[in-house]
Structure formats: structure tokens, C-alpha cells
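Protein chains in written order, with full-length UniProt numbering: chain A, 1 to 263; chain B, 1 to 263.
Note sheet for the following structure.
2 protein chains.
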Amino acid sequence: MTSSSITAIHSRDNAWVKDLRRLAQDNGAYRKQGRVWLEGDHLCRAALERGVQPAVAVFAESLWPSAQVEWGQAAPKVVVLADALFADISGLESPAKMGFVLGLPEGRSPQPGMAAVVLDRVQDAGNVGSILRSASAFGFRQVLALKGSAALWSPKVLRAGMGAHFALDLVEGLAPEDLAGLHLPTLVTSSHQGDYLHRAELPWPCAWVMGHEGQGVSAVLQERASHHIRIAQPGGEESLNVGAAAAICLHASAAQRALQTGR
Amino acid sequence: MTSSSITAIHSRDNAWVKDLRRLAQDNGAYRKQGRVWLEGDHLCRAALERGVQPAVAVFAESLWPSAQVEWGQAAPKVVVLADALFADISGLESPAKMGFVLGLPEGRSPQPGMAAVVLDRVQDAGNVGSILRSASAFGFRQVLALKGSAALWSPKVLRAGMGAHFALDLVEGLAPEDLAGLHLPTLVTSSHQGDYLHRAELPWPCAWVMGHEGQGVSAVLQERASHHIRIAQPGGEESLNVGAAAAICLHASAAQRALQTGR
């Protein structure tokens with residue numbers, strides 16, 4: 001095992017610290033910096049379990065003595081920060097005292113024929129994170145975000161994703177035309193047309209499209225969809241949260257496959 | 001139509017304004033003040049549609065001239081605030097420029113035999129709001145929050161609930177013993193025991209229990225549950241967001257009823 005290089009930093013004015021603060025607090029900074037900030041042991045462990053190699057492991061001074069047995073060799077470089085400095089960098093109310101910096105995974109293209117979830121300008125980081133978790137749980141291996149969706153590798157979406165990022169192929173910044181190459185039936189939820197989900201035959205593999213919290217799926221994608229599906233809401237016409245709707249739809253696809261294959 | 005009394009306020013130091021700021025920004029303030037702050041026209045409209053009578057309608061000065069036709073008679077008292085003052089009170093990045101103050105709906109007790117969702121220390125306001133929307137959509141008419149759950153009438157949960165609060169009977173601050181009087185089969189999700197949801201026969205009416213984001217449903221409630229239900233996750237062992245899991249379970253109950261009654 002090679003040993004990591006260890007650097008201690010105490011100054012707020014350190015240039016590397018300034019960049020890290022931006023990365024941890026500004027949702028779009030990862031695009032400029034080409035790297036990602038993962039805070040907390042749950043996220044960091046999820047990344048390691050999926051074979052991710054962090055560039056730098058960062059610790060608060062007070063955690064470092066006890067953390068170095070488990071984490072000391074996780075990255076080629078270790079940075080130990082004064083606790084106040086770590087707290088200042090962290091975007092969290094209760095800073096986790098440890099995190100990884102990793103290179104932004106390379107931009108991919110949509111994979112033809114691979115079950116997908118399409119995010120059509122879904123705005124809220126918590127919703128996007130929840131959808132990534134559902135996609136991963138229900139066997140949708142790629143998530144394709146159209147321009148205008150929340151930044152997938154932002155600290156907030158990473159936290160809400162709870163590690164699902166590392167189990168999925170993620171593509172962002174897409175235009176509706178880019179979905180043509182998927183060669184998959186495309187399903188959208190609708191309040192007024194199509195079969196009810198609990199009666200529908202769902203194609204597999206497929207692409208489910210989830211839309212903007214206020215506006216829903218765009219007219220273009222509604223028109224291009226091969227299936228319009230309704231979720232029966234006997235309690236009334238309240239619309240569901242998009243993360244809730246996604247969970248119901250993705251689970252329905254997985255459940256139907258399980259029943260067809262006798263599981 | 002009686003006319004409303006109109007008061008204009010420009011001072012941050014006004015005592016009523018100070019209380020309102022606390023109500024809008026402090027999640028627990030509604031309990032002390034016995035009243036609730038609803039911000040934005042969507043929420044306010046949802047409340048009016050359900051027959052709620054606000055005590056005060058509050059407007060930013062710049063909105064008031066155009067708003068008074070629709071909203072001027074919504075409450076017996078109107079307060080018009082300088083825009084900067086409204087923005088200062090609002091907890092939102094983009095203040096909505098209008099809101100209602102209403103009396104905190106009276107504390108209720110769990111209703112025996114009425115389909116319910118139980119929140120066992122669910123922490124995140126976004127998750128709680130999403131669960132309230134799902135409960136309302138799928139015909140669960142009461143939501144029962146155990147001590148330690150997010151404050152149901154806090155501004156954040158109200159925003160995430162998108163009006164579902166006004167379609168439900170809400171009870172909070174309960175202890176596990178308080179659920180005994182429900183006289184309903186109690187369902188919990190489990191990762192390791194019970195039937196798979198897509199194969200299970202679900203009782204109706206029932207109470208679904210949704211647990212703490214990190215710890216899940218407490219051991220006491222796990223033991224008392226009449227049904228343990230698993231959600232098949234063919235993509236791996238990632239756990240779902242609790243709002244997603246709730247949506248899947250509540251929809252399954254509604255879908256099963258729909259199929260049984262031929263809808």
C-alpha cells in the first residue's frame with residue numbers, strides 16, 4: 001500500500017480551500033472545476049463500494065486521528081482542515097467532518113436500449129435525488145437530464161441521492177432531440193389520457209419521462225411519447241410530488257417484470 | 001359583503017410584524033402562536049377551496065393594487081407591507097408577495113377505522129409534504145405524526161404539502177400507544193420479511209407506517225405491525241427515499257381497491 005501525502009491547512013485564504021468552498025456551496029461549481037465534492041461517510045463509502053477512486057480525502061482535524069485507520073489510504077492525497085475551516089466549507093448545518101474530492105465522471109451519451117429515466121427540467125434537488133434512488137432500486141440504469149434540470153452532481157443532489165449516483169450512468173444538458181437515439185418506448189404520466197397505471201401493460205425496457213414540478217412534461221415530449229399513463233388518485237385531483245410519481249411508475253415497471261418472470 | 005379593515009405597515013419593529021416573521025421562519029413558532037402562515041397564491045387558494053377562513057390576508061405593497069380584486073375580501077383583516085418588509089418576513093428566496101395568517105386548526109384525535117398514514121419520526125419537511133400529498137391523492141384521510149416528526153404546520157412542510165394539509169385530518173405529537181385506538185391493521189415496510197408488495201393482499205382500510213429517514217420504523221411499531229411488506233428492488237439493495245416508499249405503498253392500496261371494485 002502506498003502512503004498518502006498529508007497536508008494540514010488552517011487558513012481561510014488558502015486558494016485550494018477557497019475553491020473547495022465554492023465546490024461545496026455553489027450548485028454549478030463542479031462544471032467549472034471538473035470535480036465533485038462528496039460530504040459525509042455514507043456518500044464516501046457508497047462511492048468507494050462502486051469502485052470510485054477519490055482524488056483527495058478531506059478531514060476535520062478533530063476527526064482525523066480516529067478516521068485515519070479506515071480512511072487514511074482512501075485517496076492519494078489527504079487534507080486535514082481546522083474544524084472551523086471544515087465547518088465553513090461545508091454546506092451542511094451539521095458538517096460531516098469528512099469528505100472526498102473526485103474528478104467529475106466523464107460525460108456520457110444516452111445508451112440505446114438501456115432502461116432510462118428522463119428528467120425534463122425537474123428543479124428540486126430533493127426530488128432529483130429521490131428519483132435517482134428509485135431509478136437505481138428499480139433497475140433503470142441510466143438517468144438522462146434535459147437542460148434546465150437541477151445540476152446532477154451538485155452537493156444537494158448528491159446528498160439526496162444517497163449514493164445512487166454511483167450506480168447509474170448519468171447524462172445531463174440534453175435536448176429533447178437527443179432522446180431519439182434511445183430507441184425505447186417513451187412513457188409519460190398524464191392527468192387526462194391513456195391507461196391507468198394499475199391496468200396498463202408496460203413495455204420493457206422503456207424510458208419514463210418525469211417533468212418540471214410546476215409545468216409537468218413539455219408539450220414536445222408529451223407529443224413524442226409512445227404511452228400516456230394515468231395514476232389513479234381516488235382521493236381527489238391533487239397532483240403528486242414528482243419524486244412520488246416517479247417512484248410509483250418505476251416500481252410498477254419493476255413489479256410487472258417480476259410478476260411476468262414469476263418472482 | 002362586509003369590507004375588510006386595511007392596515008399598512010412599514011416598520012420592521014412593529015410587534016405584529018415581528019411575530020409574523022417568527023411564524024414564517026421558525027418551524028415551531030406556530031405552536032406557541034396558535035396560528036399558521038401560508039405563503040403564496042397556490043397555498044392560499046387551496047385553503048380557501050377547502051373552506052378555510054383566514055384571519056388576515058397579507059400583501060406586499062406592489063401587489064396589493066392588482067391583488068385586491070381577487071383577494072381583497074378573503075379575510076376580515078388585510079395588512080399591506082412595504083415590499084422590503086414582506087421579503088424580510090418571507091422565508092422564501094423569491095417571496096410570493098401574498099399570504100394568509102390562519103388560526104391553527106384544532107388538535108384532533110386519531111379517528112378509529114379511518115384509513116391513515118402514520119409518520120414515525122419522519123424528519124425532512126420535503127418528505128413529509130410529499131407524503132401528505134400522496135395520502136390525500138390515494139384516499140388516506142388522516143395523517144398521524146408521532147413525536148419527533150417534522151412539525152406538520154411549519155412553513156416548509158406547508159409549502160411541500162401544496163395544499164394537502166387542508167384535505168386531511170392531521171394529528172401530531174402522538175405516542176405509539178395512541179395508535180391502539182385506530183382499530184386498523186397496521187402495515188410497515190421491511191427489507192427482510194413479509195410479502196412482496198406486488199404480490200400482497202392489502203387490507204382496507206389500513207394504516208401504513210412510514211419511518212425515520214435513517215433509522216426506519218421503530219422496533220415497537222415493527223413488533224406491533226400486523227403486516228410486514230417488502231418492496232422488490234431488482235436494481236440492488238439501495239433503500240428508497242421515504243417519500244418514494246410511501247407513494248408506492250399508498251398507491252398500491254388504492255390500485256388494489258380500484259381493481260377489486262372493477263375500476
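A virtual CB, placed ideally from N, CA and C, is assigned to each residue, including glycine.
Values in this document were obtained by computation on a predicted structure and should not be read as measured data.
Contact fails between the stretch 100 to 114 of chain B and the stretch 200 to 215 of chain A, because fewer than three Cβ pairs, one in each stretch, are under 8 Å apart. DSSP places B/Q215 outside both helix and strand once states are collapsed to three, so it counts as coil. Taking 8 Å as the upper bound for CB-CB distance, B/C206 and B/S253 are in contact here, some 7 Å apart. Along the UniProt domain "tRNA/rRNA methyltransferase SpoU type" (116 to 251) of chain A, the alpha helix (DSSP H) occurs as fully enclosed runs of 4 or more residues at 125 to 137, 155 to 161, 219 to 224, listed in sequence order. Per the DSSP secondary-structure output, A/I89 pairs with nothing in a beta bridge. Residue environment analysis places B/W16 among the exposed positions, since fewer than 16 neighbouring C-beta atoms fall within 10 angstroms of its C-beta. Rounded to the nearest angstrom, the Cβ distance from B/E177 to B/S149 is 16 Å, too far for a contact under 8 Å.
If you draw a straight line from the Cα of A/T261 to the Cα of B/L174, it comes to about 43 Å. Between the beta-carbon of A/K147 and that of A/N27 there is about 15 Å, and that puts the pair past the 8 Å contact cut.
Of the candidates A/S190, A/N241, A/L170, A/N241 places its Cα closest to the Cα of B/G129.
Non-local beta-carbon contacts of B/S190 in its own chain, meaning distances under 8 Å to residues more than five positions away in sequence, involve Q222, H228, I229, R230 in chain order.
Relative to B/A74, the option among B/R45, B/P65, B/L184 whose CA is nearest is B/R45. Around the beta-carbon of B/A232, 16 or more other beta-carbon atoms lie within 10 Å, marking it buried. Look at B/A46 here: in three-state DSSP terms it is helix.
Residues of chain B with a Cβ closer than 8 Å to the Cβ of A/I248 are, in chain order, A247, I248, H251.
At least one beta carbon of chain B lies nearer than 8 Å to the beta carbon of A/F138. With a contact defined as Cβ atoms closer than 8 Å, B/L250 and B/W204 miss out at about 12 Å. Against A/H198, the close residues of chain B are A255, A258, L259, in the order they occur along the chain (beta-carbon pairs closer than 7 Å). Against chain B, a Cβ distance below 8 Å from A/R45 picks out nothing, because the smallest value is about 13 Å. The closest CA to that of A/D13, considering only A/D88, A/G139, A/S62, A/L158, is found on A/D88. One thing to note: B/S62 has its Cβ within 8 Å of the Cβ of B/D83. Taken through DSSP and simplified to helix, strand or coil, A/E39 comes out as strand.
Across the set A/S154, A/P110, A/F138, the C-alpha of A/S154 shows the shortest separation from the C-alpha of A/D124.
For the pair B/F138 and A/G235, the CB atoms are nearer than the 8 Å cut-off. Near chain B, meaning a CB-to-CB distance below 7 Å, the residues of the stretch 104 to 127 of chain A are G126. For A/A258, the three-state secondary structure derived from DSSP is helix.
Per DSSP, A/A8 is one residue of the beta strand (DSSP E) stretching across 5 to 9. A/G107 counts as exposed, since fewer than 16 other C-beta atoms from the protein chains shown sit within 10 angstroms of its C-beta.
With fewer than 16 other beta carbons inside 10 angstroms of its own, B/A55 counts as exposed. The three-state secondary structure of B/L104, taken from DSSP, is coil. Taking 8 Å as the CB threshold, B/L240 lines the interface with chain A. Closest in alpha carbon position to A/A96, among A/S109, A/L48, A/L81, is A/L81.
In this structure, B/F59 keeps its C-beta atom at 8 Å or more from the C-beta atom of B/V36.
Of all residues in the stretch 204 to 238 of chain A, those with a C-beta nearer than 8 Å to a C-beta of chain B are I231, A232, Q233, P234, G235, G236, E238, reading in chain order. When beta bridges are read from the DSSP output, B/L23 appears opposite no residue.
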